[in-house]
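S.K.: Take any residue in the sequence shown, note its place counting from 1, add 2, and you have its number in the working numbering.
We treat Cβ as the ideally placed atom computed from N, Cα and C, and that holds for glycine.
Structure incoming, see below.
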Amino acid sequence: MKLGGFGTLKDYEDIKNSGYDFAELDLPEITELSDEKFEKLRQLIEDKKYPVLTGTRLFPIAVPYFFTDQYDKKKMQEYLEKCCMRAEKLGITKIILGNGKARRLPREKSQKEEDLFIQVIRTIAEIAGKYHLELIIEPLGPRYSNYLNTIAETVECIEKTGCKNVYTMADLRHMIASGESFQNIVKYRKMIHHIHIDYPLSYPNRDYPSIGDDYDYSEFLNAIHDAFYNDTLTVEADVPENWKAAYKQAVECIKKYGKFDE
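If you want it as structure tokens, here you go:
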């Protein structure tokens, strides 16, 4: 299993120097760079030979969008073309659609709204596929969204799209908030292509997991082990003051509570 560090572009070298296997960076920040600054970033990643495997926060949208009159398919496609092209050039293999407010339902889910979102996913998946990217839809807890709160709900939605490059993920914080069984990690293993972990009981801050926390991580981590999951896992926490210390703290916690050799 590959362990990733989460941050913005300015954190890239700190993530590398901390000991993580890869970086997870913000896609809108990458997309909004000038061509000159993007080329410098691409060259830096190539020179450092340190991978950015996952891109998070697919859209720079923090307000209701997909189910409103503001939704503009053409503008979304134009943004996605640039975003996905740049992601591929950086070596990113997975783009994560969280954007809880953007996908927030204005009322109880209706068939019309579900059909619309399925079309949105198909559009994103088609463009992502052109650039050899997997689209990861992140289930989010009720504080973050009122739509697709669990792995089970997200898998059901993905199956309706018929897309072959769309998957979901497990996020400890959101599974707890939604009351979802960790056994769904085992049940839906084939559809889970990424995982997030942090200290899940704080809000809105996201602290690094620690062996001193008042939370037992063993059930979550052991479900990952029992699912034979061997893909990417990111510590998605707030940017720490000391990256190396935070990395060490997270690794100690994962080793203590999980049945992992490394």
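Looking at N148 and R175, is the spacing between their C-beta atoms short of 7 Å?
M.R.: Walking along the sequence shown from the start, residue 175 turns up at place 173. Walking along the sequence shown from the start, residue 148 turns up at place 146. Cβ distance not < 7 Å, so R175 and N148 don't count as in contact.
S.K.: Quick check: what's the CA-CA separation for G131 versus R124?
M.R.: Counting from 1 along the sequence shown, the entry for residue 131 is found at position 129. Counting from 1 along the sequence shown, the entry for residue 124 is found at position 122. About 10 Å.
S.K.: Using the beta-carbon count (16 or more within 10 Å), is Y231 buried or exposed?
M.R.: To locate residue 231, count along the sequence shown from 1; it is residue 229. It counts as buried.
S.K.: Residues in the same chain with beta-carbon distance under 6 Å from T236, minus the five sequence neighbours each way, listed in chain order, please.
M.R.: The count along the sequence shown starts at 1 and reaches residue 236 at position 234. G6, F8, E26 and H198.
S.K.: Could you check the C-alpha separation between Q185 and K76 for me, to the nearest Å?
M.R.: Position 183 of the sequence shown, counted from the first residue, corresponds to residue 185. Position 74 of the sequence shown, counted from the first residue, corresponds to residue 76. Near 40 Å, if we compare the C-alpha coordinates of K76 and Q185.
S.K.: Given R191, which residues of its chain have a CB within under 8 Å of its CB, disregarding the five upstream and five downstream residues?
M.R.: Position 189 of the sequence shown, counting from 1, holds the residue named residue 191. Answer for R191: A229, F230 and Y231, listed in chain order.
S.K.: Excluding the 5 residues preceding and the 5 following A252 in the sequence, name in chain order all residues of the same chain whose CB lies nearer than 7 Å to its CB.
M.R.: The residue you call residue 252 lines up with position 250 of the sequence shown. So the qualifying residues of the chain are Y210, P211 and V237.
S.K.: Could you pull the start and end residues of the beta strand (DSSP E) that H198 belongs to?
M.R.: Position 196 of the sequence shown, counting from 1, holds the residue named residue 198. Per DSSP, H198 belongs to the beta strand (DSSP E) from I194 to I199.
S.K.: Considering only residues of the same chain and omitting the five flanking positions on each side of V157, which have a CB-CB separation below 7 Å?
M.R.: In the sequence shown, residue 157 corresponds to position 155, counting from 1. In the same chain as V157, and ignoring 5 residues on each side of it, the C-beta atoms closer than 7 Å to its own belong to T170, Y190 and M193, in chain order.
S.K.: My understanding is that D215 touches Y201, with C-beta atoms under 8 Å, so please give their C-beta distance in whole angstroms.
M.R.: The count along the sequence shown starts at 1 and reaches residue 215 at position 213. The count along the sequence shown starts at 1 and reaches residue 201 at position 199. Going by Cβ atoms, the distance from D215 to Y201 rounds to 5 Å, so yes, they are a contact pair.
S.K.: Any idea which residues DSSP pairs A25 with across the strands?
M.R.: As a working note, residue 25 is residue 23 in the sequence shown. According to DSSP, A25 bridges with G7 and V54.
S.K.: With a 10 Å radius around its C-beta and 16 neighbouring C-beta atoms as the bar for buried, classify G272 as buried or exposed.
M.R.: The question about residue 272 has no answer here: the residues shown for the chain are numbered 3 through 264.
S.K.: With distances taken Cα to Cα, identify the nearest neighbour of P108 among Q72, D13, I139 and D37.
M.R.: Along the sequence shown, one-based indexing puts residue 108 at 106. Comparing Cα positions, the closest option is Q72.
S.K.: Please classify H195 as buried or exposed, where buried requires at least 16 neighbouring CB atoms within 10 angstroms.
M.R.: Numbered from 1 along the sequence shown, position 193 holds the residue referred to as residue 195. Under this definition H195 is a buried residue.
S.K.: Do T95 and L43 have their CB atoms nearer than 7 Å?
M.R.: Position 93 of the sequence shown holds residue 95. Position 41 of the sequence shown holds residue 43. The answer is no: Cβ separation not under 7 Å.
S.K.: Could you tell me how far apart the beta carbons of I126 and P141 are, in whole angstroms, since I believe they sit closer than 8 Å?
M.R.: Looking up residue 126 in the sequence shown gives position 124. Looking up residue 141 in the sequence shown gives position 139. Not a contact, Cβ separation roughly 16 Å.
S.K.: Mapping DSSP to helix, strand and coil, what is E254?
M.R.: One-based indexing of the sequence shown puts residue 254 at position 252. Note: E254 maps to helix in three-state DSSP.
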